[in-house]
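Below is one structure; the comments refer to it alone.
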């Protein structure tokens with residue numbers, strides 16, 4: 009009997025192997041696109057790089073032209089050829105993609121509604137109708153039997169648009185007029201419209217080329233807003249608009265001349281002051297104006313200085329300022345409104361070498377500090393008269409933040425909590441009674457989810473230089489981990505943006521199929537404090553890549569997986585990470601997903617006409633300086649493609665992407681395909697209708713996630 013079972017097993021294995029082999033051979037029979045080469049010599053610092061695919065770069069004018077020129081046609085032909093190739097080689101996964109997409113959508117509550125936020129006599133909330141891709145933005149007056157007012161009907165407004173993105177929404181102090189931003193291109197250039205909430209009619213006022221945010225003065229008729237440079241998309245000018253007038257008559261209030269800074273405007277939580285900020289990576293500057301006197305002159309709080317960062321809020325007679333002044337991990341100070349220069353700043357929350365001070369919420373009787381200790385968030389409540397308390401959280405890795413705390417005069421703190429096994433949850437905590445109330449936890453529909461079915465861990469890997477790097481993991485409870493276990497490793501690792509261990513219902517589609525999901529909290533983020541960020545930027549950037557690789561080796565050594573079943577995922581600057589690791593250790597990964605990847609670092613940072621370039625010099629360095637040029641060139645993924653074997657790679661981009669222009673991933677794919685010596689899969693998905701963030705609809709975006717997952721599952725020969 010054992011022999012019969014053994015023979016049957018051999019036959020089944022052979023059939024499965026043959027099926028997999030046939031699928032791979034059929035993929036190889038589909039001819040991959042070959043991009044033409046037009047060598048472009050790029051010489052800087054007496055060093056010449058030859059870019060065969062420089063021709064793929066189109067200007068906005070070319071993209072928006074009514075009739076494409078020859079270059080535009082060539083680019084479109086190539087992008088469409090890549091999309092056709094993707095569809096052909098992934099055709100055998102269409103059923104799986106459909107199944108994954110349906111799973112993801114079925115877990116989402118279709119008629120969902122946000123927790124209401126009370127403000128100025130109204131309760132504001134967002135809700136979705138059954139099956140609706142776009143939200144209804146609503147409010148009710150805070151009185152008995154108040155009727156719902158639908159301020160913006162997303163499903164109706166978005167009809168006929170391939171992309172429909174809402175910007176910020178703000179209501180005038182008298183509650184009568186709604187200002188809101190719209191982007192129908194996915195280029196993050198918004199038009200601001202104004203709606204009379206009493207009549208439901210749009211006003212004639214329309215503000216083009218903005219960031220999408222309108223800030224009201226307290227007179228109910230004056231609005232401040234920020235416009236963008238039309239070429240670089242830098243937020244550079246702030247205007248004052250009077251309701252009932254034309255945009256051409258608006259008054260320029262502030263013009264940020266320094267191309268390394270961007271600017272904006274907002275109102276303090278107290279509603280007493282308007283604040284203009286001008287910021288870059290290592291410097292900031294704020295100006296303030298009494299919100300009751302919109303025709304007055306803004307005054308500088310503290311003039312900008314290199315390596316001086318600060319942000320501002322208001323309480324009673326003082327400004328409260330989060331700053332790095334003599335405080336690498338930041339601290340909280342206060343200064344009188346009549347004496348705002350840094351020499352008057354007095355400590356409220358002192359600097360600590362081992363704690364990153366991230367933010368503060370101010371209330372009448374207390375203030376709330378959000379800080380990061382050993383990589384994890386802590387929420388600390390401090391009474392103005394003395395005494396404090398900390399909120400306690402139980403998961404080994406989690407994310408907690410204060411949220412929507414608009415009211416000054418309250419004992420209630422609202423905060424959000426999530427972990428790798430806990431859906432996002434909104435709580436209210438009574439600071440006096442210490443009672444905690446769960447207002448809402450995101451539902452995971454389908455009847456199959458329970459947090460008790462999953463296990464999360466927090467480990468520390470040791471980097472090559474001895475640094476301990478945190479790792480967060482989640483997997484199905486009972487999973488037997490071995491060198492055959494598929495594992496997906498994710499990270500970002502730039503701008504001081506921490507990769508948070510939060511819940512994802514879409515991720516369940518991988519976990520339930522036997523994957524381990526891991527997050528590498530690498531340098532370049534800010535999980536372990538400001539040093540963690542600074543040791544992963546500029547001339548320390550390679551630490552980001554080596555940390556990720558060291559975490560991968562650590563997980564293999566611990567028996568969680570092997571290189572034959574190890575996968576990596578990252579997007580945008582995390583896509584740079586993906587590009588770097590496949591150059592540095594290509595055989596460590598079976599597959600890599602690089603989403604909207606920033607991979608042509610040197611050329612992009614040399615071109616100041618490209619959006620985002622100038623005010624990122626303090627993140628990556630300015631390659632006009634030879635030291636930075638040489639260092640960038642040594643890791644830039646596009647510049648370091650070689651003739652060698654690469655893993656299976658899926659790349660995504662958006663034609664209208666304003667953050668990482670489509671031609672970066674397109675050029676990278678073309679160069680990889682021309683140089684790689686393997687038969688592994690290399691495919692690119694270029695969405696011709698969207699930009700950096702992908703689709704605008706609530707459900708449409710999961711089609712790309714289904715593509716990611718089907719790519720990974722197919723490599724594991726998981727068909728269902």
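Residue numbers (our numbering): 9 to 728.
Just so it is clear, CB atoms sit at the ideal spot from N, CA and C, and this is done for glycine as well.
Excluding five sequence neighbours on each side, which residues of the same chain lie with their C-beta closer than 7 Å to the C-beta of residue i?
| i | result |
| --- | --- |
| residue 401 | 408 and 425 |
| residue 391 | 373 and 374 |
| residue 586 | 576, 578, 600, 602 and 605 |
| residue 721 | 104 and 521 |
| residue 540 | 531, 533 and 534 |
| residue 517 | 108, 111, 112 and 717 |
| residue 707 | 113 and 141 |
Measure the Cβ-Cβ separation of residue i and residue j and say whether it is below 9 Å.
| i | j | result |
| --- | --- | --- |
| residue 510 | residue 427 | yes |
| residue 666 | residue 101 | no |
| residue 638 | residue 414 | no |
| residue 302 | residue 327 | no |
| residue 192 | residue 220 | no |
| residue 405 | residue 365 | no |
| residue 410 | residue 378 | yes |
| residue 435 | residue 483 | no |
| residue 715 | residue 658 | yes |
| residue 200 | residue 175 | yes |
| residue 296 | residue 235 | no |
| residue 624 | residue 640 | no |
To the nearest angstrom, report how far apart residue i and residue j are at their CA atoms.
| i | j | result |
| --- | --- | --- |
| residue 144 | residue 121 | 9 Å |
| residue 181 | residue 231 | 11 Å |
| residue 673 | residue 660 | 7 Å |
| residue 256 | residue 620 | 27 Å |
| residue 548 | residue 573 | 30 Å |
| residue 355 | residue 62 | 52 Å |
| residue 281 | residue 448 | 33 Å |
| residue 568 | residue 322 | 50 Å |
| residue 184 | residue 74 | 40 Å |
| residue 293 | residue 266 | 12 Å |
| residue 71 | residue 696 | 11 Å |
| residue 514 | residue 451 | 13 Å |
| residue 346 | residue 217 | 35 Å |
| residue 682 | residue 644 | 18 Å |
| residue 42 | residue 678 | 7 Å |
Considering residue i, what are the terminal residues of the beta strand (DSSP E) in which it resides?
| i | result |
| --- | --- |
| residue 365 | 363-370 |
| residue 263 | 259-263 |
| residue 344 | 339-344 |
Name the two residues that bound the continuous alpha helix (DSSP H) containing residue i.
| i | result |
| --- | --- |
| residue 98 | From DSSP, residue 98 is part of no alpha helix (DSSP H); its letter is neither H nor E. |
| residue 591 | 581-592 |
| residue 172 | First-last for residue 172: undefined, no H or E at that position. |
| residue 268 | Counting along the chain, residue 268 falls outside any alpha helix (DSSP H), and DSSP gives it neither H nor E. |
| residue 713 | 710-723 |
| residue 347 | First-last for residue 347: undefined, no H or E at that position. |
| residue 8 | For residue 8 there is no data in the structure shown, the boundaries of the chain being 9 and 728. |
CB-CB under 6 Å to residue i, same chain, minus the five flanking residues each way: which ones, in chain order?
| i | result |
| --- | --- |
| residue 546 | 629 |
| residue 689 | 656 |
| residue 502 | 532 and 581 |
| residue 158 | 144 and 146 |
| residue 203 | 186 and 210 |
| residue 508 | 407 |
| residue 123 | 434, 447 and 448 |
Using the Cβ count rule (16 or more neighbours within 10 Å means buried), how would you classify residue i?
| i | result |
| --- | --- |
| residue 49 | exposed |
| residue 29 | Since pLDDT at residue 29 reaches only 41, below the 50 mark, its modelled position is unreliable, and no value is offered. |
| residue 536 | buried |
| residue 396 | exposed |
| residue 249 | buried |
| residue 422 | buried |
| residue 493 | buried |
| residue 529 | buried |
| residue 445 | exposed |
| residue 46 | exposed |
| residue 245 | buried |
| residue 77 | exposed |
| residue 362 | exposed |
| residue 18 | Confidence at residue 18 is low in this model, with a pLDDT of 31, below 50, so its placement is unreliable and the value that follows should be read with caution. Label assigned to residue 18: exposed. |
| residue 39 | exposed |
Excluding the five sequence neighbours on either side, which residues of its own chain have a C-beta within less than 8 Å of the C-beta of residue i, listed in chain order?
| i | result |
| --- | --- |
| residue 594 | 652, 653, 654 and 655 |
| residue 470 | 476, 477, 558 and 562 |
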